[in-house]
Each structure stands twice: as structure tokens, then as C-alpha cells.
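In the order they appear, the protein sequences are chains E and R.
With the first letter of the first sequence counted as 1, position 43 gets the number 43 in my numbering; the numbers rise by one all the way through.
Every number in my numbering is 260 more than the matching position in the second sequence, counting from 1.
Cβ coordinates follow ideal geometry from the N, Cα and C atoms, glycine included.
Every value quoted in this text rests on a predicted model; they were computed, and no experiment measured them.
2 protein chains.
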Amino acid sequence: MALTLTPLTEFPLVRPGDDLALFIWQSLGRSQIVLQDGDILVIAQKIVSKAEGRIVHLSHIEPSPRAIELAARCEKDPRQVELVLRESREVLRVRPGTIIVEHRLGFVCANAGIDHSNVSPVAEIGEALDPEGWLLLLPLDPDATACAIRQRLEAASGCQVGALIIDSHGRAWRLGTVGVAIGLSGLPGLVDLRGEPDLFGYKLRITQVGAADELAAAASLVMGQAAEGTPVIHVRGFPYSAREGRLSDLLRPKDEDLFR
Amino acid sequence: MALTLTPLTEFPLVRPGDDLALFIWQSLGRSQIVLQDGDILVIAQKIVSKAEGRIVHLSHIEPSPRAIELAARCEKDPRQVELVLRESREVLRVRPGTIIVEHRLGFVCANAGIDHSNVSPVAEIGEALDPEGWLLLLPLDPDATACAIRQRLEAASGCQVGALIIDSHGRAWRLGTVGVAIGLSGLPGLVDLRGEPDLFGYKLRITQVGAADELAAAASLVMGQAAEGTPVIHVRGFPYSAREGRLSDLLRPKDEDLFR
């Protein structure tokens, strides 16, 4: 079966307090997509963060001594480093431009996923502040948000669907960012193929597929990076059946991590 | 524009010496797909390795003293470890069941990408050897193979297409394998969005998208892991224009690697 990823058209700009499930439902209508059982909506982290009001202005941040020390090493604004530390459990590496951390949500990423670009200095939250000073933090609880959006879409459509919130992460050994799951509901994070026989009847060795991350990468490709105009992707043909996955399924336990 | 990934149907089992470009062309016909400019064919590493005859039987391998020493630490067959060493430039980590190496092709992966499962003990290459002893090595030069397949398909179709050879890799900090590019031709590996303005006119910070890896993950999702029956995926709607990418575009230079 084919896998089809379609960007929702004319998705509105999102502001703090906006109702994302409603926006998605309306945009599905404008895109002439009628939901079916097994469809998945993939949602860019940025619009979830904006809807949750996870926007901070640097002028409101007081850096700690540790943030000031780290900022000198990574050549960043100490107030931005302070936000990175507040959003993180542990600092893994520091180099100019980059702090690699374990985020409070459990994954390893650069700069705690805090983003400069595309933050709108909308009237509700900003006065005459430096428009470059707005930063967007990751959503508070992306699994819960994915679940809430999924339930709203299921109630509206009468179909069983999935919801996946994604961000773009760098990798340890490869260049370029790829989309990864940071919150999910109604689809599996990992699919365990251990023990299923292959074509010749041998038992497969350990194979766990990062299915939600593979879908995140696929949707990220369709979203692009600069295109805030397509923050939601409709997916049809996801090859695994619905299941209650969660972000933590995809995170390697610290004691199995060979690369800290 | 939508991205559509369609598995080619009735793809034959591949044996050493087989003509993959011909198989793909024929399977496109059976799948009633007419190639268009910009289409991409994503090909599983396994069938490239098989066509190249990269099949080795453990009984033909003499382990070195270093392989015997490492095999004790990782609890693997010393002959298999010998093959891992021959296919690698450097050993990064060793733990029971896994050797993390820099492969001779330049990427970091587990066990040099050497695979047990789905190797057919076909009459041409095997006698009465233990059928579990066959191992499949990665292709010799996947960029070159992707280029050759692309050129054959372009000559047959009169269209400009891309070819991408993929494998599944684990990640440092996340569970589950995801598809990654190991050879490509006619599409970009990385897409550089540095300096393009965002919706509000700000300059985006450094953003390089691992576009070929995102497509590899998408296609891997459609292939599944156990399904050797769908080793080639047809892609329509890849959002970036054709360009001569290569595997090395996607590899982080060793001196920028924070996690060795």
C-alpha cells in the first residue's frame, strides 16, 4: 500500500491560546480531506509551542552564574543559555554555537530545542521589545497534547486516527537535521519485529523499528524548514496498526547509552 | 504538493549477478508506474549487496587474533567479528551483541552493517554449508551503484530521476532503527537553508536538512523490515530539485564529531 503525505493548505498563523485541533479540522476541510480510520496528523512542534504560549523574551531572563560560565564557552547569550539549562536535565557537550543536553522531556538534543526563528512578536505578548529576542520553548507535555488533539479529531470525524508532534534534530555522526517524534498518540513509537520469520524461515535477529521517527522524518521532508505555511501533514497508509505509543518508547535508557 | 511512496509489486528475488536496473524497470511496468521527471527510486541495501555477490560464508573466514579478542568482549562469532573489522576503519564501542564502528564507507554503524537474515543459500554459491552461516556485506560503492541505476532508468524512460540506496541504522540516544542513505545519485544529500528568510523576514540560523536521510526513513517505513518482497519504493513529490548529491555530503567530519 502506498504512503501518502499531504500538507494541509492555508493553515493559519498560530498564536498563544489558539485551538489547534479546531484549526486542523478546518484546514482538513479546506484541503478536501475526509479522515479515514488509520490516518495520522503530523504536527510541527512550533505551532504547538505557540498555541501553548511557550514564548519568552530574553529581556525577562536573569542568567545564573552557571549560565554565564557556559555562555562564554559556547559563545551564546547568557540569557539564552539560562533558558537551555532550565529546560534540561543534564549538559552533555559544549562547543561554540551548541550545547548538547538531555532535555527535560528525556531526549538528547542541541540547545534544548529552543528556537529563534519564526516567532511572531504579536501584539498580545510584546511591546516595543527587540523582535530578535523572542525564543520559543518546546511544548510542556507533547504526548498529552497529541492525545488531546487526537481525541478531538476522533470525536469530530468518528474515525480512529493518530497524532504525532515532531521537531528537527541533528545527529551525532551525520550532518543535517531530520524530523523526530517528540509526542505521539494513537500510533506506535517502536514496532518490534523480533522473532518474526524472514522469507526463508529464519528468525530475524533483534529488530525494533523506530516507526514514529521514520514517519516524523517523512513528514518533516514535506514540511520543509522555512515553510511555516505547512505545519500540519496528513498521512494515509501508515503500515502499522494503531497503538498507544508514547515518546518514552523511543528513548534509549541512560544505562544503555554508549555515547554520553 | 503531496509526497507519495509506492512499493513496487512482485519484485523478484535477487541473486548475485542480477541486473537491478532491469528488475526495477520491469517492476515499474508491472506496478503501472510511468516515470516522470523528479521521481526517485529508493532501493534496499540488501538487494544491491546480493546483486553484487557480497555474500560470504563464515566457514571461509579465518579470524585474526584481534577479532578473537573482540569476539570475547562482544560475545559474537570471531569469524563474524573478523568480517566487521575488514569492513571498518575504526572501532568506536564494544558491548555484548554490538560493535559500533566507522564503516569503510565513512558512516558510523553497528556491526559494519553486516546482516544475517534473508540471505538465500542459492545453489550457485552454496553447497551443503550451514544455512545460518551466510552473511551479507554492504555494497562496495553505493554512490556508484545508485548512479549506474539512475542512468539506466533515465535512458529507458527519457526522464530525469534519482536513485537512493538505504540501510537501517540504530541511533546513539534513541531506540529503534531508521532508514538512512548509504548511496545516492540525482538528488541532494543535504539541503542548505542557511540565510533564507522566514515568514517574518528574519534570517534563519544554520539549518541544513538531511533530505536524503529523511527520504530514506520514509521509504524504510514503507518497506518494513521483514518484507523482502518490497525492496524498491517509487517516490513522487520529493520537494527539492535534482542535484548531484553523494553519501559524503551526509557524514559529519571526524574533527567535528563530539561523540567518539
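{"Check": "Supposed close pair SER348 of chain R, ALA372 of chain R - CB separation, criterion 8 angstroms", "Outcome": "5 angstroms"}
{"Check": "Whole-Å CB distance - GLN36 of chain E paired with CYS159 of chain E, under 8 angstroms assumed", "Outcome": "6 angstroms"}
{"Check": "Span of the alpha helix (DSSP H), counted from its first residue to its last, around VAL308 of chain R", "Outcome": "305-311"}
{"Check": "Contact list for GLU474 of chain R against chain E, beta-carbon separation under 8 angstroms", "Outcome": "VAL178, GLY179, ALA217, ALA218, SER220, LEU221"}
{"Check": "Limits of the beta strand (DSSP E) - the one that ALA423 of chain R falls within", "Outcome": "422-429"}
{"Check": "Where the alpha helix (DSSP H) containing GLY183 of chain E begins and where it ends", "Outcome": "Counting along the chain, GLY183 of chain E falls outside any alpha helix (DSSP H), though it belongs to the beta strand (DSSP E) covering 178-185."}
{"Check": "Beta carbon of ILE284 of chain R nearer than 8 angstroms to that of ILE409 of chain R", "Outcome": "yes"}
{"Check": "Neighbour flag for PRO239 of chain E against chain R, beta carbons, 8 angstroms", "Outcome": "yes"}
{"Check": "CA nearest to the CA of VAL482 of chain R, picked from E:THR230, E:ILE233, E:VAL209", "Outcome": "E:VAL209"}
{"Check": "Opposing strand residues paired with GLN468 of chain R [DSSP bridges]", "Outcome": "R:ASP452"}
{"Check": "Secondary structure of ALA110 of chain E, DSSP reduced to three states", "Outcome": "strand"}
{"Check": "Three-state secondary structure assigned by DSSP to PRO267 of chain R", "Outcome": "strand"}
{"Check": "One or two residues paired with LEU135 of chain E in a DSSP bridge", "Outcome": "E:VAL56"}
{"Check": "Through-space distance from LEU265 of chain R to PHE498 of chain R, alpha-carbon basis", "Outcome": "10 angstroms"}
{"Check": "Simplified DSSP state of ILE24 of chain E, which is helix, strand or coil", "Outcome": "helix"}
{"Check": "Cβ-Cβ separation, GLN305 of chain R to PRO399 of chain R (assumed contact under 8 angstroms), whole Å", "Outcome": "6 angstroms"}
{"Check": "Beta-carbon contacts of VAL308 of chain R that lie in its chain and below 6 angstroms, excluding the five residues immediately before and after", "Outcome": "PRO399, THR405, ILE425"}
{"Check": "Within 8 angstroms, strictly: CB atoms of LEU330 of chain R and VAL354 of chain R", "Outcome": "yes"}
{"Check": "CB contact below 8 angstroms: ARG246 of chain E versus chain R", "Outcome": "no"}
{"Check": "Min CB distance ASP130 of chain E to chain R below 8 angstroms", "Outcome": "no"}
{"Check": "Endpoints, beta strand (DSSP E) assigned at LEU92 of chain E", "Outcome": "88-95"}
{"Check": "Delimiting residues of the alpha helix (DSSP H) encompassing THR405 of chain R", "Outcome": "402-417"}
{"Check": "C-alpha distance - VAL302 of chain R paired with VAL232 of chain E, whole-angstrom precision", "Outcome": "25 angstroms"}
{"Check": "Residue environment, ARG512 of chain R, which counts as buried when at least 16 other CB atoms sit within 10 Å", "Outcome": "buried"}
{"Check": "Alpha helix (DSSP H) segment containing ILE282 of chain E, residue limits", "Outcome": "There is simply no residue 282 of chain E to check, as chain E begins at 1 and stops at 260 in what is shown."}
{"Check": "Beta-carbon spacing of GLY451 of chain R, ASP299 of chain R below 8 angstroms", "Outcome": "According to the sequence displayed, residue 451 of chain R carries Val and not Gly. Cβ distance not < 8 angstroms, so VAL451 of chain R and ASP299 of chain R don't count as in contact."}
{"Check": "The beta strand (DSSP E) enclosing HIS234 of chain E, as first and last residue numbers", "Outcome": "232-236"}
{"Check": "Residues bridged to VAL361 of chain R [DSSP beta-bridge criterion]", "Outcome": "R:VAL351, R:CYS369"}
{"Check": "Residue burial classification, VAL14 of chain E (beta-carbon count within 10 angstroms, cutoff 16)", "Outcome": "buried"}
{"Check": "Any chain R beta carbon closer than 8 angstroms to ASP257 of chain E", "Outcome": "yes"}
{"Check": "Buried versus exposed call for LYS287 of chain E [16 or more other C-beta atoms within 10 Å across all chains shown]", "Outcome": "A query on residue 287 of chain E cannot be resolved here, the shown segment of chain E reaching from 1 to 260 and no further."}
{"Check": "Strand pairing of VAL302 of chain R, partner residues [DSSP]", "Outcome": "R:LEU424, R:ILE493"}
{"Check": "C-alpha gap between GLU132 of chain E and ASP517 of chain R, whole angstroms", "Outcome": "30 angstroms"}
{"Check": "Per-residue burial, ASP130 of chain E [other beta carbons within 10 Å of its own, 16 or more giving buried]", "Outcome": "exposed"}
{"Check": "Chain R within 8 angstroms of ARG252 of chain E, Cβ atoms only", "Outcome": "yes"}
{"Check": "ARG275 of chain R at chain E interface by Cβ criterion, 8 angstroms", "Outcome": "no"}
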